[in-house]
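The sequence shown lines up with residues 42 to 512 when you count with the numbering used here. Since the structure comes first, as structure tokens, the remarks are kept for the end.
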Amino acid sequence: MPSIVPKRLFRLLLILAAAVWFWLPYGATATAAAGASPAPDEGTPVLLLYDSLAIGTGRENEASAAARFLQTLGAKVTVESMSVYHSGALANYERLVMLTLDPAQESAAPPELRRELESFTGSVLQLGGAPILAAGDPPLRRYGPAPQGGAEGRLATARLLREWMGLSGHGQLYALIRGFTPYSDYSLLRSLADELYEGGIPFLVGARPVLDNLQFPAAKRYAEALRYIQGKQGSVLLEAPAVFPVISAGTDPLKLQTGSFLDMLMIAGVAPLGIAAEQYWTFDRHYSREGMGFFNSAVVYADKTESPVYRERSTSPAYFPSTLYSVSPDFPDEWEMLRVSSSTYPVDTAVTLDFPENKTELDALVKALKAYPAVFADYRERGHTTRTATHSASTLGGKVRIDGALLAAETRDAGDAQDEDYTYIEREKASFTGFFQAQNQIFLAVVVGALAVFTLFIAAGRRLYRRKFLK
């Protein structure tokens, strides 16, 4: 007995070791693939230099607006004051925008910048101030007036920037209803989705995240409410949570909590297709990495926070291949200008309205969108990818997928919030995923159990050996 058992055990251990050696690399590769980030698209490097932020004047929002326009137009932009320009920096960019907002300054360009402009082979656009550009090919050396403040001047700047970036045509408009929370009235959401669907208006809903207690029924009901809109030409965006000074130092669970919420949504059949945040989020390395890093699409709001709380402030905002400018009633002049020239608005724009709090506000919101002199585009027609370590959502050409499985709309009773407006198709293919996951668990259980049994055999054999030969 003692001479036979060790040989059998040895053979079985060799077989199990070979199986583990074969299986684990596959599992590790699959896990790595699931958590990998999508390859980023390349943006055009653009340096935006301004002479002044014009605080306290009608132009104080123009530098940030120009940066948002450039973000929307596909630029990988860096925003700095001309006064801090350092020699050699221009060599890192293909394009330069010089923005002069202070009429009292004849030219704020430092000598180093003036000298390097003479040999710069990229494209330069100077807005305002005394022209300092050397003579050259007009497409590479452009001069235009600085934004005068207000919507009209801002819109003119946006058109000039679009032309200068070499983009033809005009932008598309999207209807975004922002501020939906777990405390919102779900029946209003269903009514909103039904009415916009009947009016042929595709739309987006910006949903505030649930950061704790995701296992509670309330969180599940929140996901069910969001899933309802997907069958009504609706798309879901995550809205960045509020930032308070208390989290400006120490450990911040932003990435873990955001990823957990996204996983909960995708497990429930909701495809979050991007993130909406105030502009300062994109200029903070921590927020953009930990909170926005799951997405390749974003809507950038104008900053409403008077004193943003930064963790790692940067001069270069996070780059998203798909970025929407935003216009809302918060800026009435820009809102009115959009209504006048909506068919030729120069950048892709989210027309944003707050989620209604009652039936009266709902009726006013629906009336405003239906009367709007524009055709809103379907956000699902663009390419979007959202990816956590375990799940992914994507869309292209109107087709929405979660973990690779296509979602197909079903006709259901519009009054039932629990109905499954989107279900997985290719169920056979999807079912294999569950099969292999179960197989992995069974395999690991067998390995652990076998090792436990072998340990007992070895201990028993050793005990018998000692009794027989060491007496």
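From the three backbone atoms N, C-alpha and C, an ideal C-beta is built for every residue, glycine too.
Touch test, the stretch 424-434 against the stretch 248-261, Cβ-Cβ under 8 Å, three pairs minimum:
No contact exists between the stretch 424-434 and the stretch 248-261.
With a threshold of 8 Å, are at least 3 pairs of Cβ atoms found where one atom belongs to the stretch 385-396 and the other to the stretch 295-309?
The stretch 385-396 vs the stretch 295-309: no contact.
If you run the structure through DSSP and keep just helix, strand and coil, what is Lys296?
Taking the first residue of the sequence shown as position 1, residue 296 is located at position 255. Under the three-state reduction of DSSP, Lys296 is assigned to helix.
According to DSSP, simplified to helix, strand and coil, what is Ser382?
Here residue 382 is taken as the residue at index 341 of the sequence shown, counted from 1. Coil, per DSSP.
Cα-Cα separation, Leu208 to Ile483:
The residue you call residue 208 lines up with position 167 of the sequence shown. The residue you call residue 483 lines up with position 442 of the sequence shown. Cα to Cα, the separation comes out at about 55 Å.
Excluding five sequence neighbours on each side, which residues of the same chain lie with their C-beta closer than 8 Å to the C-beta of Leu255?
The sequence position of residue 255 within the sequence shown is 214, counting from 1. Close CB contacts of Leu255 within its chain, under the 8 Å cut and outside five residues either way in sequence, are with Ser301, Phe302 and Met305 (chain order).
Please name the residue, chosen from Phe161, Asn399 and Pro186, that lies closest to Ser232 on a Cα-to-Cα basis.
For the purposes of this step, residue 232 is taken as residue 191 along the sequence shown, with counting starting at 1. Comparing Cα-Cα distances from Ser232 to each of Phe161, Asn399 and Pro186, the minimum goes to Asn399.
So, is Leu492 buried or exposed, given that buried needs 16 or more other C-beta atoms within 10 angstroms?
Translated into positions along the sequence shown, residue 492 becomes position 451. Counting of Cβ neighbours within 10 angstroms places Leu492 among the exposed residues, the total staying below 16.
Indicate the three-state DSSP secondary structure (helix, strand or coil) for Ala312 in the structure shown.
Taking the sequence shown and counting its residues from 1, one reaches residue 312 at position 271. In the structure shown, Ala312 adopts coil according to DSSP, grouped into three states.
Check for me: the beta strand (DSSP E) holding Ala216 runs from which residue to which?
Here residue 216 refers to the residue found at position 175 of the sequence shown. Residues Leu214 to Phe221.
Can you tell me whether DSSP reads Thr346 as helix, strand or coil?
Within the sequence shown, the letter at position 305 stands for residue 346. Three-state DSSP puts Thr346 in coil, outside helix and strand.
Go ahead and label His127 buried or exposed: buried means 16 or more other beta carbons lie within 10 angstroms of its beta carbon, across all protein chains shown.
The sequence position of residue 127 within the sequence shown is 86, counting from 1. So His127 ends up on the exposed side.
Would you identify the three-state DSSP class for Met139, choosing helix, strand or coil?
Position 98 of the sequence shown, counted from the start, is the residue given in the question as residue 139. Correct three-state label for Met139: strand.
C-beta contact flag for Phe221 and Ala248 at 8 Å
Counting from 1 along the sequence shown, the entry for residue 221 is found at position 180. Counting from 1 along the sequence shown, the entry for residue 248 is found at position 207. Closer than 8 Å, so yes.
On the criterion of 16 or more Cβ atoms from any shown chain inside 10 Å, does Phe224 qualify as buried, or is it exposed?
On the sequence shown, residue 224 is found 183 positions in, with the first residue counted as 1. In the sequence on display, residue 224 carries Tyr and not Phe. It counts as exposed.
From the DSSP output, in three-state form, read off Pro373 for me.
Taking the first residue of the sequence shown as 1, we reach residue 373 at position 332. For Pro373, the secondary structure class from DSSP, reduced to helix, strand or coil, is helix.
In this structure, what does DSSP give as the bridge partners for Ala167?
Here residue 167 is taken as the residue at index 126 of the sequence shown, counted from 1. For the record, residue 167 in the displayed sequence is Gln; it is not Ala. For Gln167, which the question treats as bridged, DSSP gives the partners Met139 and Tyr184.
Within the stretch 93-156, note down every full beta strand (DSSP E) run reaching 3 residues or more, in order along the chain.
Runs of the beta strand (DSSP E) lying entirely within the stretch 93-156 and spanning at least 3 residues, in chain order: 116-122 and 136-140.
Among the candidates Ala312, Gly310 and Leu279, whose CA atom is the shortest distance from the CA of Gln298?
Numbered from 1 along the sequence shown, position 257 holds the residue referred to as residue 298. Closest option to Gln298, judged by alpha-carbon separation, among Ala312, Gly310 and Leu279: Leu279.
Do the CB positions of Pro397 and Leu406 come within less than 8 Å of each other?
Along the sequence shown, read from residue 1 onward, the residue named residue 397 stands at position 356. Along the sequence shown, read from residue 1 onward, the residue named residue 406 stands at position 365. Yes, the pair counts as a contact, with Cβ atoms nearer than the cut-off.
Just to confirm, is the Cβ distance from Asp173 to Arg155 under 8 Å?
Residue mapping note: residue 173 aligns to position 132 of the sequence shown, counting from 1. Residue mapping note: residue 155 aligns to position 114 of the sequence shown, counting from 1. Checking the sequence shown, residue 173 turns out to be Ile, not Asp. In terms of Cβ geometry, Ile173 and Arg155 form a close pair [threshold 8 Å].
Alpha carbons only, please: which of Asp371, Leu365 and Gly332 is nearest the one belonging to Thr346?
Position 305 of the sequence shown, counted from the start, is the residue given in the question as residue 346. When each option's Cα is compared against that of Thr346, the closest is Asp371.
Have a look at Glu331 and Ile499 and give me their C-alpha separation to the nearest angstrom.
Residue 331 sits at position 290 when you count from the first residue of the sequence shown. Residue 499 sits at position 458 when you count from the first residue of the sequence shown. The C-alpha of Ile499 is placed about 49 Å away from the C-alpha of Glu331.
Can you give the Cα-Cα distance for Arg100 and Leu245, rounded to whole angstroms?
Indexing the sequence shown from 1 puts residue 100 at position 59. Indexing the sequence shown from 1 puts residue 245 at position 204. Roughly 31 Å separates the two Cα atoms.
Can we say the stretch 373-386 touches the stretch 128-145, given the rule of at least three CB pairs closer than 8 Å?
At 8 Å Cβ cutoff, the stretches do not touch.
Three-state secondary structure (DSSP) of Lys400
As a position in the sequence shown, residue 400 is number 359, starting the count at 1. In the displayed model, Lys400 falls within a helix according to three-state DSSP.
Is it a yes or a no for the stretch 91-100 touching the stretch 335-352, going by three-plus beta-carbon pairs under 8 Å?
Between the stretch 91-100 and the stretch 335-352, the count of Cβ pairs shorter than 8 Å is below three; the stretches do not touch.
Pair within 8 Å by beta-carbon distance, Pro243 and Ala434
Locating residue 243 in the sequence shown gives position 202, counting from the first residue. Locating residue 434 in the sequence shown gives position 393, counting from the first residue. Taking 8 Å as the Cβ cut-off, Pro243 and Ala434 do not qualify as a contacting pair.
Confirm, please, whether the CB-CB distance from Pro86 to Glu135 is below 8 Å.
As a position in the sequence shown, residue 135 is number 94, starting the count at 1. As a position in the sequence shown, residue 86 is number 45, starting the count at 1. The Cβ atoms of Glu135 and Pro86 lie closer than 8 Å to each other.
Just tell me which of Gly84, Ala150, Ser367 and Phe324 has its CA closest to the CA of Val125.
What you label residue 125 is simply residue 84 of the sequence shown in a count that begins at 1. Of the listed residues, the one whose Cα sits closest to Val125 is Ala150.
Pop quiz: Thr323 and Ala283 are said to be a contact at Cβ under 8 Å. What is the actual Cβ separation, rounded to whole angstroms?
Stepping through the sequence shown from its first residue, residue 323 is reached at position 282. Stepping through the sequence shown from its first residue, residue 283 is reached at position 242. Beta-carbon to beta-carbon, Thr323 and Ala283 are separated by about 16 Å, too far to satisfy the 8 Å threshold.
Give me the Cα-Cα distance between Ser93 and Gly439, rounded to the nearest whole angstrom.
For this step, residue 93 is matched to residue 52 along the sequence shown. For this step, residue 439 is matched to residue 398 along the sequence shown. Distance between the alpha carbons of Ser93 and Gly439: 43 Å.
Distance cutoff 8 Å, beta carbons only. Does Leu437 sit that close to anything in chain B?
The question asks about chain B, but that chain is absent: this structure has only one protein chain.
Beta-carbon proximity list for Gly212, same chain, < 7 Å, skipping 5 on both sides:
As a first step, residue 212 must be located in the sequence shown, where it is residue number 171. Tyr386, Pro387, Val388, Asp389 and Thr390, listed in sequence order.
Can you check whether the CB of Glu103 is closer than 8 Å to the CB of Ala116?
Residue 116 sits at position 75 when you count from the first residue of the sequence shown. Residue 103 sits at position 62 when you count from the first residue of the sequence shown. No. Outside cutoff.
For Val488, name the three-state secondary structure that DSSP assigns.
Position 447 of the sequence shown holds residue 488. Assignment of Val488 by DSSP, reduced to helix, strand and coil, places it in the helix class.
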